[in-house]
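Asker: Take this structure first; my questions come after.
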Amino acid sequence: MSISNTGEFSFSNNSIRQDFELLTKALDASITGIIITDNQLPDNPIIYSNAAFERLTGYTRKEIIGHNCRFLQKDDRNQPERKIIRDAVEQGESCVVEIRNYKKNGTLFWNELYMSPIKDEAGTVTHFIGVQNDISRRKQAERELKQQQDQMEKKIAERTKSLRESEEYLSSIVETVRESLIVLDAQSNILSVNEHFLRIFKVSREETEGKLLFELGNGQWSIGKLRSMLEQVLPTSNPVLDFEVEHDFPHIGKKLMLVNAYRVEFEGSHKDRILIAIEDITERRDIEKRKDDFLSIASHELKTPLTTVKGFVQMMSKFMPADASDKFKSIVDKTTIHINRLNDLISELLDVSRLQSGLISLHKEAFDFDKMIKDTVEGIQAATPSHHITVKSRAITTYNGDESHIIQVVSNLLSNAIKYAPDSKEILVYTSLVSNYIKVSVTDYGMGINTDDQKRIFDRFYRVGNVQQRFPGMGIGLYVCDQIIKNHGGSLWVDSEIAKGSTFSFTLPLEEGKAE
Ligand code: ADP
7 MSISNTGEFS
17 FSNNSIRQDF
27 ELLTKALDAS
37 ITGIIITDNQ
47 LPDNPIIYSN
57 AAFERLTGYT
67 RKEIIGHNCR
77 FLQKDDRNQP
87 ERKIIRDAVE
97 QGESCVVEIR
107 NYKKNGTLFW
117 NELYMSPIKD
127 EAGTVTHFIG
137 VQNDISRRKQ
147 AERELKQQQD
157 QMEKKIAERT
167 KSLRESEEYL
177 SSIVETVRES
187 LIVLDAQSNI
197 LSVNEHFLRI
207 FKVSREETEG
217 KLLFELGNGQ
227 WSIGKLRSML
237 EQVLPTSNPV
247 LDFEVEHDFP
257 HIGKKLMLVN
267 AYRVEFEGSH
277 KDRILIAIED
287 ITERRDIEKR
297 KDDFLSIASH
307 ELKTPLTTVK
317 GFVQMMSKFM
327 PADASDKFKS
337 IVDKTTIHIN
347 RLNDLISELL
357 DVSRLQSGLI
367 SLHKEAFDFD
377 KMIKDTVEGI
387 QAATPSHHIT
397 VKSRAITTYN
407 GDESHIIQVV
417 SNLLSNAIKY
427 APDSKEILVY
437 TSLVSNYIKV
447 SVTDYGMGIN
457 TDDQKRIFDR
467 FYRVGNVQQR
477 FPGMGIGLYV
487 CDQIIKNHGG
497 SLWVDSEIAK
507 GSTFSFTLPL
517 EEGKAE
């Protein structure tokens with residue numbers, strides 16, 4: 007067999023020719039590009055290429071026979087794969103590379119090249135056979151995948167960074183708050199605590215985290231009230247708010263704690279984690295108690311001499327000489343008014359301290375409710391010509407309760423209606439029976455109260471900011487009214503709109519106090 011310079015084979019033997027033609031046809035039918043190089047000729051030239059190779063590269067057989075394969079890389083010579091091929095040729099070994107090749111028209115394609123040596127009987131490498139596949143699509147897909155991966159990694163890195171930042175931000179808040187925070191799992195194991203907890207309860211992180219809350223420090227947290235409170239949180243998901251727990255801790259003594267517990271919510275779903283926030287209110291409660299004690303003592307101490315002064319002023323009025331000057335009479339009258347006012351204020355303070363200490367006692371008796379309303383309104387109306395009080399009553403007969411206390415409530419609501427509606431005249435008192443409740447409403451058309459303040463005006467000593475300068479008062483009246491109504495089993499509330507007026511209403515249950 008010999009090969010012409012156009013790559014044609016010529017044969018002397020017919021049967022070999024037939025075999026060979028069959029072989030070449032088979033190679034031409036292959037869909038992978040195949041070339042054969044002659045390793046024994048200088049520069050290892052191509053001596054055969056199949057049809058698929060022509061299709062793959064765009065070169066005709068005539069154009070490449072006799073050339074070294076390197077023309078496939080055109081000017082793109084700086085590829086490490088070229089060295090792998092060179093070494094394989096030199097060593098007479100096979101190799102597999104993925105290399106950038108160029109078609110005749112200059113288009114790049116990725117060639118997956120398998121190169122194997124063909125050896126003669128003596129073991130000398132006579133030829134190399136190269137099998138080529140265009141893997142450009144796979145390479146493209148790989149490149150796109152890589153790009154996507156890179157982008158994804160970049161995004162993950164950015165997200166991780168911002169997560170880390172918000173985590174640091176959150177943990178700096180958690181560590182700065184002046185509340186002790188504990189996170190528990192469903193079995194009450196402590197997952198984490200903040201610094202404040204460690205500081206207040208004088209424990210270390212090691213002896214706390216991972217431990218069962220109720221076993222902490224020889225069971226010092228095994229507090230019955232706390233246990234049953236936590237049992238409520240998980241099944242219902244309802245938070246427990248401002249729950250007071252008092253406990254005597256071995257190292258730090260008695261502590262009064264305000265506990266809030268929430269089931270931790272994450273992306274809308276509840277996880278079996280409980281966040282407990284503990285505020286140590288021992289000191290605050292102590293200060294409050296001392297303040298209450300002071301108020302109680304001060305008002306008692308003031309009341310006694312004031313009663314004496316009041317008696318003397320009454321005597322002065324009684325024994326006023328007939329020829330006393332008008333000026334003198336006016337001074338005695340004014341003194342009486344101011345002493346009465348002072349007396350009322352001190353009585354209010356005494357009421358507060360009695361309520362605080364739970365010493366206030368109800369003297370329940372059946373009384374005529376309508377008459378009580380009528381008399382109270384008449385008394386206030388007589389002293390207040392500036393306003394006109396209308397009573398609309400749906401006959402309620404007798405009620406069993408502490409009449410003087412209910413009078414105190416109605417008077418208080420009426421004097422507030424007068425005080426905080428200086429520019430309007432009308433005040434309406436409406437009484438009715440709703441189901442088995444007595445309902446009383448006092449409506450004024452005065453300054454009104456905004457929604458936020460409405461929630462707080464029943465607190466002790468709370469006054470709406472802007473009234474302080476214009477109207478006298480201590481912010482006690484409504485607190486006392488609220489307590490009195492609660493003591494009767496009823497409730498007191500307000501509906502109000504700024505600059506339109508307010509309606510204070512209370513209900514009293516009849517079954518508690520209904521007279522036979
Ligand atoms: P005081 O009148 O002595 O301040 P109260 O406890 O009776 O104390 O009232 C608490 C606060 O509620 C008042 O300071 C006032 O700001 C507001 N308030 C009470 N009644 C009325 C009302 N009828 N209209 C507007 N504000 C009112």
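Taking our numbering, the leading residue of the sequence shown gets 7, the next gets one more, and so forth. Here a beta-carbon is modelled for each residue, glycine too, at the ideal position from N, C-alpha and C. Given the structure is predicted, the values throughout are model-derived calculations rather than measurements.
(1) Could you tell me whether any non-hydrogen atom of the ligand ADP is closer than 7 Å to the CB of tyrosine 405?
(2) So, are the CB atoms of tyrosine 485 and arginine 462 less than 8 Å apart?
(3) What does the Cβ neighbour count give for asparagine 422, buried or exposed, with the cut at 16 atoms within 10 Å?
(4) Under 8 Å, do threonine 38 and alanine 58 count as touching if we go by C-beta distance?
(5) What is the rounded straight-line gap between the Cα of valine 315 and the Cα of threonine 437?
(6) Per DSSP, leucine 187 forms a beta bridge with which residues?
(7) Starting from histidine 394, follow its DSSP beta bridges and name the residues at the other end.
(8) Can you tell me whether threonine 130 is buried or exposed? The criterion is at least 16 other CB atoms within 10 Å of its CB, across all chains shown.
(9) By a C-beta neighbour count over all protein chains shown, 10 Å radius and 16 as the cutoff for buried, is threonine 182 buried or exposed?
(10) Suppose the cutoff is 7 Å on Cβ atoms and the five residues either side in sequence are ignored; what does the same chain contact list for arginine 233 look like?
(11) Cβ-heavy atom distance between aspartate 450 and the ligand ADP below 7 Å?
(12) Just to confirm before moving on: does the CB-CB distance between isoleucine 53 and isoleucine 70 stay below 8 Å?
(13) How far does the beta strand (DSSP E) with valine 103 in it reach, from first residue to last?
(14) Locate the alpha helix (DSSP H) running through glutamine 193, then write down its first and last residues.
(15) So the candidates are Thr513, Ile402, Ser441, Gly495; which of them puts its Cα closest to the Cα of valine 448?
(16) Of all the options Ile345, Asp44, Met263, which has the alpha carbon lying nearest to the alpha carbon of proline 123?
(17) If you drop the 5 nearest sequence neighbours on each side, which residues of the same chain put their C-beta closer than 7 Å to that of glutamine 46?
(18) Rounded to a whole number of angstroms, what is the C-alpha to C-alpha distance between isoleucine 343 and histidine 394?
(19) What does the alpha-carbon distance come out to for the pair threonine 242 and glycine 483?
(20) For a test of the three-state rule: what should DSSP assign to lysine 53, helix, strand or coil?
(21) Write down the C-beta distance between aspartate 140 and leucine 62 rounded to the nearest angstrom, noting that I regard them as a contact closer than 8 Å.
(22) At what residues does the alpha helix (DSSP H) containing tyrosine 120 begin and finish?
(23) Would you call the CB atoms of serine 502 and serine 511 closer than 8 Å?
(24) Assuming valine 137 is part of the alpha helix (DSSP H), what are its boundary residues?
(25) Residues in its own chain within less than 6 Å of isoleucine 504 by CB, not counting five upstream and five downstream?
(26) Since isoleucine 282 contacts alanine 267 with CB under 8 Å, what's their CB separation in whole angstroms?
(27) If you compare alpha carbons, which of Tyr426, Tyr108, Asn406 is closest to arginine 469?
(28) State the Cα-Cα distance for the pair alanine 128 and tyrosine 108, rounded to the nearest angstrom.
(29) Could you check whether the Cβ of leucine 498 sits closer than 7 Å to any heavy atom belonging to the ligand ADP?
(30) Which one or two residues does DSSP pair with arginine 269 in a beta bridge?
(31) Do leucine 355 and the ligand ADP come close, with the Cβ less than 7 Å from some heavy atom?
(32) Does the distance from the C-beta atom of valine 95 to that of tyrosine 120 stay below 8 Å?
(33) Rounded to the nearest angstrom, how far is the Cβ of phenylalanine 464 from that of aspartate 488, given a contact under 8 Å?
(34) Would you say the beta carbon of methionine 263 comes nearer than 7 Å to a heavy atom of the ligand ADP?
(35) Say yes only if the C-beta of valine 473 is nearer than 7 Å to one or more non-hydrogen atoms of the ligand ADP, and no if none qualify.
Answerer: In brief:
(1) Here the distance from the Cβ of tyrosine 405 to the nearest heavy atom of the ligand ADP is not below 7 Å.
(2) Result no, Cβ atoms of tyrosine 485 and arginine 462 do not sit closer than 8 Å.
(3) Result: buried.
(4) A distance below 8 Å separates the beta carbons of threonine 38 and alanine 58.
(5) Valine 315 and threonine 437: Cα-Cα distance of roughly 39 Å.
(6) According to DSSP, leucine 187 bridges with Ala283.
(7) Answer is Glu432.
(8) It counts as exposed.
(9) Exposed, by the Cβ-count rule.
(10) Hits under 7 Å: Phe220.
(11) Yes, Cβ of aspartate 450 sits closer than 7 Å to a heavy atom of the ligand ADP.
(12) A distance of 8 Å or more separates the beta carbons of isoleucine 53 and isoleucine 70.
(13) For valine 103, the uninterrupted beta strand (DSSP E) run begins and ends at 101-108, by DSSP.
(14) Here glutamine 193 belongs to no alpha helix (DSSP H), and DSSP marks it neither H nor E.
(15) The closest CA to that of valine 448, considering only Thr513, Ile402, Ser441, Gly495, is found on Thr513.
(16) Measuring from the Cα of proline 123, the nearest candidate turns out to be Asp44.
(17) Here the set comprises Thr132.
(18) Between isoleucine 343 and histidine 394, the alpha-carbon positions lie close to 22 Å from each other.
(19) Straight-line spacing of the CA atoms in threonine 242 and glycine 483 works out to 38 Å.
(20) Per the sequence shown, residue 53 should be read as isoleucine rather than lysine. For isoleucine 53, the three-state secondary structure derived from DSSP is strand.
(21) Rounded, the Cβ-Cβ distance is 6 Å, consistent with contact.
(22) Following the DSSP letters along the chain, one finds tyrosine 120 in no alpha helix (DSSP H) but inside the beta strand (DSSP E) bounded by residues 114-125.
(23) For serine 502 and serine 511, no; Cβs fall outside 8 Å.
(24) Careful: valine 137 lies outside any alpha helix (DSSP H), inside the beta strand (DSSP E) at 131-140.
(25) The residues Gly454, Asn456, in chain order, have a CB closer than 6 Å to that of isoleucine 504 in the same chain once the five nearest residues on each side in sequence are set aside.
(26) Going by Cβ atoms, the distance from isoleucine 282 to alanine 267 rounds to 5 Å, so yes, they are a contact pair.
(27) Distance from the Cα of arginine 469 is smallest, within the candidate group Tyr426, Tyr108, Asn406, for Tyr426.
(28) Cα-Cα distance, rounded: 37 Å.
(29) The closest heavy atom of the ligand ADP lies 7 Å or more from the beta carbon of leucine 498.
(30) Paired residue(s): Ile280.
(31) Placement of the Cβ of leucine 355 at a distance of 7 Å or more from every heavy atom of the ligand ADP is found.
(32) Cβ atoms of valine 95 and tyrosine 120: not closer than 8 Å.
(33) Their Cβ separation, rounded to whole angstroms, is 4 Å, which keeps phenylalanine 464 and aspartate 488 in contact under 8 Å.
(34) No, the Cβ of methionine 263 stays beyond 7 Å of every heavy atom of the ligand ADP.
(35) Checking every heavy atom of the ligand ADP against the Cβ of valine 473, one is found closer than 7 Å.
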